[in-house]
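Right, one structure below, let's go through it.
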Amino acid sequence: MFAEKGHLGRSGSFYGFIDTKILHSSYSNFIIHLSFNNECKVWRNPLGLFRGAEYSRYLNYTKREPLTFYDMNLSAQDHQAFFICDADNGKPDYEIMQAAWRERVPAARVKAAHLALEKNADCVTALIMLAEEEAPTMLKVEKILRKALKLAEANYKRTQKSHHLDSNIEMQHRRDLNVLIYIKRRIAMCCRKLRKLKEAVKMFRDLSKEMPPIMNILNVHENLIEVLLETQSYADVQSVLAKYDDINLPKSAVICYTSALLKIRVIADKYNVGNTLKKGLTQAEEVALEAIHRAVEFNPHVPKYLLEMKSYIFPPEHILKRGDSEAVAYAFFHLAHWKRIKGALAVLNVTWESAFNQIPYPLEKGYLFHPYPTCTELADRELLPTYHKVSVFPKKDLPFFIHFTAGLSSFSALLALLIYLHPQFTGNLVYIICMWIIVPVNYCLDRLETMLPNNVMDILSNI
């Protein structure tokens, strides 16, 4: 469930009432090792959009695919891990859904979901697919998911009573738990989008309280932070950060930049560059500057999106920590929160680039974090659509002498090839070019000679 690929093995026991060994076997097929580098682990986007109500509308309006095949393929693997178990073999509706999650064509997936509902009107995973991919509005999405929630709760309670008696029931119970959490989370996200903010906060808090250890993998705390920022409950946001902004827990752009935003909020209305140069930084300004530098070091791509120096696209369904995909996803949902605090973006604008002074060689040595991964560009190009110009850090600027040497070598090789293929023509061409250069130079020298006195050298020597 929204797990970091490759990090499940050391996540510990997610639930107090589920055996760790059983849980590990449940998720073993969910661990994906990316071929390009183990350092680049892809995470499910905690604030992911709905395909039918959001991504499809973008596609219909712009005629551009918002999601890459690689991104959608990762989602298909996620859904198979969430919603499929071996105990469902022989059930017509679930067998249809097993194939449906692997379908590449959206229309085929939706058609399969309707077929599964014809076989079994209470097929929860079919309702989830219709909510995700067919429902055209958030109101419709919420309606379908609430219907699915009632069925999911009934299924979970039924298998909970006897899951310890039979291995097949145990597998169904784990799957029912996955489904229940998935639905609750998506309903909470619907409430956020429909401006039912109090209900959304309550649902995200309930998820956090029920299963605290799993939140590090689900990243539901990032959903909670975003909703609390929308309600401008900054004290509550700070309390959430105090719990999750821990040195032993994985960091994210949401954690680092929200922490910076709260510290900037204290000084934003008073900050003045001129006064800072004259009087120096106050303690609050030093704290804010340090938080900005920390955030920029973690993900250096975010400021360009927050400052609208780069164009926006719809965020992908999966993100790479510290990469451009994470920056796109963060700025897409959090730019409004920065704009709401007067002066916050102005402070960021004048301070973010100074963070690079602390990390002159970011690929070799970091300041507060590990060195910046070298594989982010490759992974981001797989996750982000081709029409988006992927942000690269650090920029690979070649020295001038390399450009000059390359140009000179290319010119020499081209000239040698022309001389070899067409010696007479090349000789005439070189002669003409040389004359074009020599004639103006001779003309300028003649004019200069007429303007200067004959004893100019004697005059210069006397000086």
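Reading the sequence shown from the start, the letters are residues 1320 to 1782 in the numbering used here. Using N, Cα and C, we set each Cβ at its ideal position, and we do this for glycine too.
Only residues of its own chain outside the window of five on either side were considered, and among them L1580, I1583, R1584, A1587 have a CB closer than 8 Å to the CB of I1660, listed in chain order.
With fewer than 16 other CB atoms across the displayed protein chains lying within 10 angstroms of its CB, C1753 is exposed. In the three-state DSSP reduction, W1420 falls in the coil class, being neither helix nor strand.
Straight-line measurement puts the Cα of Q1677 at about 25 Å from the Cα of L1560. For H1656, no beta strand (DSSP E) run applies; the uninterrupted alpha helix (DSSP H) run containing it begins and ends at 1643-1659, by DSSP.
Rounded to the nearest whole angstrom, the CA to CA distance from A1655 to S1578 is 16 Å.
DSSP lists R1363 as the bridge partner or partners of H1637.
Within its own chain, the residues whose Cβ lies closer than 7 Å to the Cβ of I1463, once the five positions on either side in sequence are excluded, are L1446, L1449, A1450, A1454, listed in chain order. Look at the beta carbons and you see the stretch 1666-1676 touching the stretch 1601-1613: at least three pairs across the two are nearer than 8 Å.
Contact annotation, L1537 with P1635: C-beta distance approximately 18 Å; criterion of less than 8 Å not satisfied.
Judged by DSSP in its simplified three-state form, N1392 adopts helix. Relative to S1558, the option among I1574, K1570, T1444, A1372 whose CA is nearest is I1574. One Cα belongs to F1401, the other to K1360, and the distance between them is close to 19 Å.
Linking A1650 to K1430 through their CA atoms gives a straight-line distance of about 35 Å. Where T1670 is concerned, the enclosing alpha helix (DSSP H) starts and stops at 1663-1670.
Assignment of Y1691 by DSSP, reduced to helix, strand and coil, places it in the coil class.
Assignment of alpha helix (DSSP H) within the stretch 1486-1558, counting only whole runs of 4 or more residues, yields 1486-1512, 1516-1529, 1534-1537, 1539-1549 in chain order. Proximity to T1693 across V1711, F1652, Y1686, P1679 peaks at V1711, based on C-alpha coordinates. Per DSSP, the continuous alpha helix (DSSP H) segment holding M1448 begins and ends at 1443-1452.
Secondary structure note for C1575: its alpha helix (DSSP H) is the uninterrupted segment 1572-1586.
For P1742, the secondary structure class from DSSP, reduced to helix, strand or coil, is helix. Per DSSP, the unbroken alpha helix (DSSP H) holding P1622 starts and ends at 1621-1625.
Non-local beta-carbon contacts of A1372 in its own chain, meaning distances under 7 Å to residues more than five positions away in sequence, involve A1454, P1455, T1456, M1457, V1460 in chain order. Leaving aside the five residues that flank E1384 on each side, the residues in its chain whose CB is nearer than 8 Å to its CB run, in chain order, L1378, P1704. Membership of E1472 in the alpha helix (DSSP H) is indicated by the continuous run 1457-1481.
Put simply, of L1682, P1622, L1366 the residue whose alpha carbon is nearest the alpha carbon of T1695 is L1682. Per DSSP, the unbroken alpha helix (DSSP H) holding I1611 starts and ends at 1602-1617. Taking the C-beta atoms as reference points, Y1374 is found nearer than 9 Å to F1633. Annotation for V1429: the continuous alpha helix (DSSP H) segment containing it runs 1425-1438. Counting C-beta atoms within 10 angstroms of its own C-beta, V1592 has fewer than 16 neighbours from the protein chains shown and is therefore classed as exposed.
Counted as a single uninterrupted DSSP element, the alpha helix (DSSP H) harbouring S1375 occupies residues 1375-1381. Straight through space, the alpha carbons of Y1631 and K1570 are spaced by roughly 23 Å. Just so you know, the alpha carbons of Q1743 and L1737 end up roughly 10 Å apart. Scanning its chain for C-beta atoms nearer than 7 Å, with the 5 sequence neighbours on each side dropped, one finds around K1623 the residues K1629, S1710, in chain order.
For L1771, no alpha helix (DSSP H) run applies, since DSSP gives it neither H nor E.
Within the same chain, Cβ atoms closer than 8 Å to the Cβ of R1428 are found at A1419, W1420, E1422, M1448, E1452, the five residues on either side in sequence being excluded.
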